[in-house]
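Below you'll find the structure, written out as structure tokens, and then a few comments.
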Amino acid sequence: MKVLIMAGGYATRLWPITKDNPKALLPVGDRVILEYILEKVDGLGLETYISTNRFFEAHFRPYAEKYGVGMIVEETLHEDEKLGTIGALKKALDELGPDDYLVIAGDNLFSFSLREFLNSYDGKTLIAVYDVGDLELARRYGVVVLEGERVISFQEKPAEPRSTLVSTGVYVFPKGIMERINEYLSNGNRDSPGYFLQWLLGKGEEIRAYRFSEYWYDIGSADSYLEALKTLLKESHVEEIQISPYAKIIPPVVIKRGAKILGRSMIGPYAYIGEDCVIENSDISDSIVFRSTVIRNSTIWRSIIDEKCEIRNLELRKSLVGGHAKIQRGE
Numbered sequence: 003m004k005v006l007i008m009a010g011g012y013a014t015r016l017w018p019i020t021k022d023n024p025k026a027l028l029p030v031g032d033r034v035i036l037e038y039i040l041e042k043v044d045g046l047g048l049e050t051y052i053s054t055n056r057f058f059e060a061h062f063r064p065y066a067e068k069y070g071v072g073m074i075v076e077e078t079l080h081e082d083e084k085l086g087t088i089g090a091l092k093k094a095l096d097e098l099g100p101d102d103y104l105v106i107a108g109d110n111l112f113s114f115s116l117r118e119f120l121n122s123y124d125g126k127t128l129i130a131v132y133d134v135g136d137l138e139l140a141r142r143y144g145v146v147v148l149e150g151e152r153v154i155s156f157q158e159k160p161a162e163p164r165s166t167l168v169s170t171g172v173y174v175f176p177k178g179i180m181e182r183i184n185e186y187l188s189n190g191n192r193d194s195p196g197y198f199l200q201w202l203l204g205k206g207e208e209i210r211a212y213r214f215s216e217y218w219y220d221i222g223s224a225d226s227y228l229e230a231l232k233t234l235l236k237e238s239h240v241e242e243i244q245i246s247p248y249a250k251i252i253p254p255v256v257i258k259r260g261a262k263i264l265g266r267s268m269i270g271p272y273a274y275i276g277e278d279c280v281i282e283n284s285d286i287s288d289s290i291v292f293r294s295t296v297i298r299n300s301t302i303w304r305s306i307i308d309e310k311c312e313i314r315n316l317e318l319r320k321s322l323v324g325g326h327a328k329i330q331r332g333e
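For reference, each letter of the sequence shown is one residue, going 3 to 333 in my numbering.
Structure below.
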């Protein structure tokens, strides 16, 4: 068996913060999303590859080297050129050869052990499923209906979901199923794992489900990104920083090297402050602030602020601010 971590998308739903930075490398606590996945894969002892595109290849290369994994790089530089998940699986199959494949979406944060997941693999296609508990929310995902542990229906983003169980982007595709990808794509089918699973069911292939609880985050929106931070940030990680004696830090927080927390600032809980930021007389909580941003005399709550911004004399709530922005009220 081989492991493929799929990170070839351009994350347009999270632009502008992902315009020049892949979603899989967004920080959540003291690590990036990809590292949570690689740490779960690490104990499996399986040959592992990151599947990405030429545009983001250099971003992923240091992580591939650090964790000793390979890379499959598609020759695309823009969203409208990308292969898609099934197309990327075909490329991996062409390069690496037939095998069983554990496939993991690179923007997924999940609670279960991959070892336990693989222990339930019996040679049939296996998918990890999670109960989102809300029919309206389920409409965003691939919805699963089970009979025991057997999948009897799969609907990709249905208008009227038949359950609140959804597929979470972690699959095992047996060798024989991987070899059907060419057939699937050559018939003009949509390049998406959900529609591939629907097609497999229609062809009479058996699909099994592994149910888990606790947490799952598909980092596809600012809200899910911030909720993941709150779930996974258990303790503070404060590096070498400058901090005023009048400032207050409320854990848990992450404050990266070179940051300056000045004046009567209050940081936390659940705040990520990137390298070389300057925060002065400001309150920041439930928020992520990327490197080299300056925030003065402001209140930031449940917001994401990209790198090299300047925010002055503002109250920002539930905001997403693109890189290099300068926003202020008054002088």
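Ideal Cβ positions, reconstructed from N, Cα and C, are used throughout, including at glycine.
Beta-carbon gap between residue i and residue j smaller than 9 Å
i    : j    : result
I129 : Y173 : yes
G31  : Y227 : no
S284 : I257 : no
T87  : G204 : no
E158 : S122 : no
L137 : P163 : yes
G270 : P253 : yes
L199 : S169 : yes
Residues near residue i by beta carbon distance below 8 Å, same chain, minus five either side
i    : result
E229 : Y219
E97  : I74
L48  : M3, K4, V5 and L104
Which of helix, strand or coil DSSP assigns to residue i
i    : result
H61  : helix
D225 : helix
G324 : coil
T233 : helix
K93  : helix
T54  : strand
Y132 : strand
S267 : coil
K126 : coil
N121 : helix
S188 : helix
L167 : strand
Residue environment, residue i, which counts as buried when at least 16 other CB atoms sit within 10 Å
i    : result
L116 : buried
G99  : exposed
E83  : Per-residue confidence for E83 stands at a pLDDT of 49, beneath the threshold of 50, marking its modelled position as unreliable; the derived number appears in the next sentence. Classification for E83: exposed.
Y272 : buried
P64  : exposed
Y51  : buried
G135 : exposed
E76  : buried
N189 : exposed
K25  : buried
N23  : buried
Own chain partners of residue i with C-beta closer than 6 Å, once the 5 adjacent residues on each side are dropped
i    : result
I302 : I286, S289 and L318
K250 : M268
I307 : V291, T295 and V323
T233 : Y217
S300 : S284, I313 and L316
Own chain residues within Cβ distance below 7 Å of residue i, not counting five before or after
i    : result
I245 : I263
Y248 : G265 and R266
Y166 : This sequence places Thr at residue 166; Tyr is not what is there. If we look at T166 and ignore the five residues flanking it on each side, its Cβ neighbours are D133, V134, G135, D136, L137 and A140.
Contact test: residue i Cβ vs the ligand GDP heavy atom, cutoff 8 Å
i  : result
M3 : In terms of ligand content, the structure shown is empty, and the ligand GDP therefore cannot be addressed.
CB contact below 9 Å: residue i versus chain C
i    : result
V153 : The structure shown contains no chain C, having only a single protein chain.
- Can we say the region 166–186 touches the region 97–112, given the rule of at least three CB pairs closer than 8 Å? Because the criterion of three Cβ pairs below 8 Å is met, the region 166–186 and the region 97–112 touch.
- Spell out a yes or no on whether the region 119–135 and the region 201–216 are touching, meaning 3 or more CB-CB pairs, one atom from each, closer than 8 Å. Using a C-beta cut-off of 8 Å, the region 119–135 makes contact with the region 201–216, since at least three inter-stretch Cβ pairs fall below that distance.
- Query: Does the region 106–113 come close enough to the region 34–42 that 3 or more CB-CB pairs lie under 8 Å?
  - Reply: Yes, since at least three Cβ pairs between the region 34–42 and the region 106–113 fall closer than 8 Å, the two stretches touch.
- Query: Can you find at least 3 beta carbon pairs, one from the region 52–59 and one from the region 139–149, that sit closer than 8 Å?
  - Reply: Touching, no.
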